[in-house]
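Undergrad:
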Amino acid sequence: MRILIADDELMSRRLLQKTLERAGYEVAAVENGRIAADLLCPRDGPRLALLDWVMPELDGPGVCREVRKRKEQSYVYMVLLTSKESKEDVVAGLESGADDYLTKPFDAEELKARLRTGLRILSLEDRLVEAREQMRFQATHDGLTVLWNRGVILDLLGRELARSMREGVCTAILLCDLDHFKDVNDTYGHPAGDEVLKETAKRLVSSVRSYDFVGRYGGEEFLVVLNNCNPAFGFARAEEIRKAIALRPAQTSIGPIPITMSLGLLLSQDWGRRPVQELLQEADNALYAAKAAGRNCVKVATPKVFPEHRTTPFREPAKTSR
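Numbering follows this note's numbering, in which position 289 of the sequence shown is assigned residue number 289; successive positions increment by one, without gaps.
1) Considering only the beta carbon of each residue, do VAL407 and LEU204 sit closer than 8 Å?
2) Using the Cβ count rule (16 or more neighbours within 10 Å means buried), how would you classify PHE222?
3) Look at the alpha carbon of PRO61 and the alpha carbon of VAL91, and state the distance between them as a whole number of angstroms.
4) Between ALA250 and the rest of its own chain, which residues show a CB-CB distance below 6 Å, the 5 nearest in sequence each way excluded?
5) GLY323 lies in the alpha helix (DSSP H); which residues open and close that run?
6) Within 10 angstroms of its Cβ, does ASN230 collect 16 or more other Cβ (buried), or is it exposed?
7) Please state whether the Cβ-Cβ distance between VAL63 and ALA28 is less than 8 Å.
8) Rounded C-beta distance between CYS41 and ARG70? I'm assuming under 8 Å.
9) Along the alpha helix (DSSP H) that carries PRO191, what are the first and last residues, could you check?
10) Using 8 Å as the threshold, is the C-beta distance between ALA162 and LEU267 below it?
11) Could you check whether the region 75 to 87 touches the region 112 to 132, counting it as contact only if at least three pairs of C-beta atoms, one from each stretch, sit closer than 8 Å?
12) Rounded C-beta distance between GLU265 and ALA286? I'm assuming under 8 Å.
13) Specify, as a first and last residue, the run of the beta strand (DSSP E) that LEU147 falls within.
14) Quick check on TYR288: does DSSP put it in helix, strand or coil?
15) Could you give the distance in angstroms between the alpha-carbon of THR187 and the alpha-carbon of GLY294?
16) Helix, strand or coil for SER262, going by three-state DSSP, please let me know.
17) Just to confirm the assignment, what range does the beta strand (DSSP E) spanning ALA26 have?
18) Leaving aside the five residues before and after GLU220 along the sequence, list all residues of the same chain whose C-beta is less than 7 Å from its C-beta, in chain order.
19) Within this structure, are the beta carbons of SER262 and ALA236 separated by less than 8 Å?
20) Answer yes or no: do ALA37 and LEU50 have a C-beta to C-beta separation smaller than 8 Å?
21) Going by beta carbon distance, what residues of the same chain come within less than 8 Å of CYS170, once the five residues before and after it are set aside?
22) Whole angstroms is fine: what's the gap from VAL214's alpha carbon to GLU66's?
23) Roughly how many angstroms lie between the CA atoms of GLN281 and ALA301, to the nearest whole one?
24) What's the gap between the Cα of LEU81 and the Cα of ALA201?
25) Among ASP44, ASN32, LEU39, whose alpha-carbon lies nearest the alpha-carbon of PRO56?
26) Count the other C-beta atoms from every protein chain shown that fall within 10 angstroms of the C-beta of LYS299, then say buried if there are 16 or more, exposed otherwise.
27) Can you tell me which residues form a DSSP beta bridge with PRO99?
28) Of the residues ILE254, LEU20, VAL129, ASP183, which one's Cα is nearest the Cα of ARG116?
29) Work out the CA separation of ALA283 and VAL276 for me, nearest whole Å.
30) If you drop the 5 nearest sequence neighbours on each side, which residues of the same chain put their C-beta closer than 8 Å to that of SER321?
31) Could you spell out the range, first to last residue, of the beta strand (DSSP E) harbouring GLY234?
32) If you follow the beta strand (DSSP E) that ALA36 is part of, which residue opens it and which one closes it?
33) Using DSSP with H/G/I as helix, E/B as strand and the rest coil, what is PHE306?
34) Locate the beta strand (DSSP E) running through LYS299, then write down its first and last residues.
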């Protein structure tokens, strides 16, 4: 563990450094508070600090206040070293953001014991942060494929469509469905089917740009959002994704399983300002058309022409076997 020592007395600083290096710490030693604050505030700075109370430029409590101003950094455990013994001084030091204090002259074993307490607190904080990140990931990602889940991919689609309208660019919506996936589960078993879904997810992600979105829409259906997509190349990009799925069988624990995918493509520039669910329904209609055309192909959602006084009706897609 890295630890920062800030003390303007050279002999005291060297003694502390040798004591802590023998205890296994990686030590950085500085002579004033301003340098200490500059080293502790960056994201990759030390997370343990021993700060002398009285220092040039910025005293120990001042360093604590500077560090505590940060909002997103990992926690820094700070111990004040002081010759001040009044309760008022101790309270002032702790209220500045210090976690503990030691009165000079201090015992080396007590110092190391207090630092071990700091290490336990930092370890607990790390575990809490890790647990929070895991819960955040689980709330936003599909548990099997680790793609964005349905709620998140729909939210991202809505935001991207709004942006494309503002900027006058095109968003491509691809509703994708694995062909005959029920047969895969029935023939090879659900564990193999899960492996096929995970392999499909990997191929979809590798087939798009880093700033495009891929989510699991439900079951064997996936939603791909191609941001700022040149409409002249929308179909070609959909074909590339289709080929990436059909190019080779999915490798599973029971052997290779051939897979193909049908895709419904919708280019937002063709549809104007429409509700997200209406656009998804039109993409779904195009997907049904791809299934009806023999599967393993791409069909494009094309707006129908209506008289000016009418709007495109909202239709429930016919439910057929996919």
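All C-beta atoms in this analysis are idealised placements derived from N, C-alpha and C, irrespective of residue type, glycine included.
TA: Judging by the given coordinates:
1) Residue 407 lies beyond the stretch modelled for the chain, which goes from 1 to 322, so this question has no answer here.
2) PHE222 comes out buried.
3) The straight-line gap from Cα to Cα measures roughly 11 Å.
4) Annotation for ALA250: VAL196, GLU199, ILE257, ILE259 place their beta carbon closer than 6 Å to its own, counting only its chain and skipping 5 residues before and after.
5) Residue 323 lies beyond the range of the chain shown here (1 to 322); nothing can be said about it.
6) So ASN230 counts as exposed.
7) No, the Cβ-Cβ distance between VAL63 and ALA28 is not below 8 Å.
8) The Cβ separation is near 6 Å, so the contact holds.
9) Unbroken alpha helix (DSSP H) run through PRO191: 190 to 206.
10) Not a contact, by the Cβ cut-off of 8 Å.
11) Yes: the two stretches touch, three or more of their Cβ pairs being nearer than 8 Å.
12) One point to set straight first is that residue 265 is Leu, not Glu, in the sequence displayed. Rounded, the Cβ-Cβ distance is 6 Å, consistent with contact.
13) From DSSP, LEU147 is part of no beta strand (DSSP E); its letter is neither H nor E.
14) Here TYR288 carries a helix assignment [DSSP, helix/strand/coil].
15) Cα to Cα, the separation comes out at about 21 Å.
16) Assigned with DSSP and collapsed to three states, SER262 falls in strand.
17) Strictly speaking, residue 26 in this sequence is Glu, with Ala absent from that position. That run of the beta strand (DSSP E) goes 26 to 30.
18) Result list for GLU220: ASP177, LEU178, PHE181, LEU197, in chain order.
19) No, the Cβ-Cβ distance between SER262 and ALA236 is not below 8 Å.
20) Contact flag unset, no.
21) Its chain contains SER164, ASN228, CYS229, ASN230, PRO231, GLY234, LEU267, SER268, GLN269 as the residues whose beta carbon lies nearer than 8 Å to that of CYS170, once the 5 sequence neighbours on both sides are disregarded; these appear in chain order.
22) Those two C-alpha atoms are separated by around 41 Å.
23) Spanning the two alpha carbons is a distance of roughly 10 Å.
24) Put simply, the backbone Cα of LEU81 is about 55 Å away from that of ALA201.
25) Proximity to PRO56 across ASP44, ASN32, LEU39 peaks at ASN32, based on C-alpha coordinates.
26) The residue is buried, with at least 16 neighbouring Cβ atoms inside 10 Å.
27) Residue identity check: residue 99 is Asp in the sequence provided, not Pro. Paired residue(s): none; ASP99 is not in a bridge.
28) Residue LEU20 holds the alpha-carbon nearest to the alpha-carbon of ARG116 among ILE254, LEU20, VAL129, ASP183.
29) Using only the alpha carbons, I get a separation of about 11 Å.
30) Low confidence applies here, because SER321 scores a pLDDT of 44, under 50, leaving its location unreliable; read the following figure in that light. Counting only Cβ-Cβ distances below 8 Å, and skipping sequence neighbours, we find nothing.
31) First-last for GLY234: 234 to 246, but that is the alpha helix (DSSP H), not the beta strand (DSSP E).
32) Counting along the chain, ALA36 falls outside any beta strand (DSSP E), though it belongs to the alpha helix (DSSP H) covering 33 to 40.
33) For PHE306, the predicted model reports a pLDDT of 47, less than 50, meaning its position is unreliable; a value from the coordinates is still stated below. Three-state DSSP puts PHE306 in coil, outside helix and strand.
34) LYS299 -> beta strand (DSSP E) spans 298 to 300.
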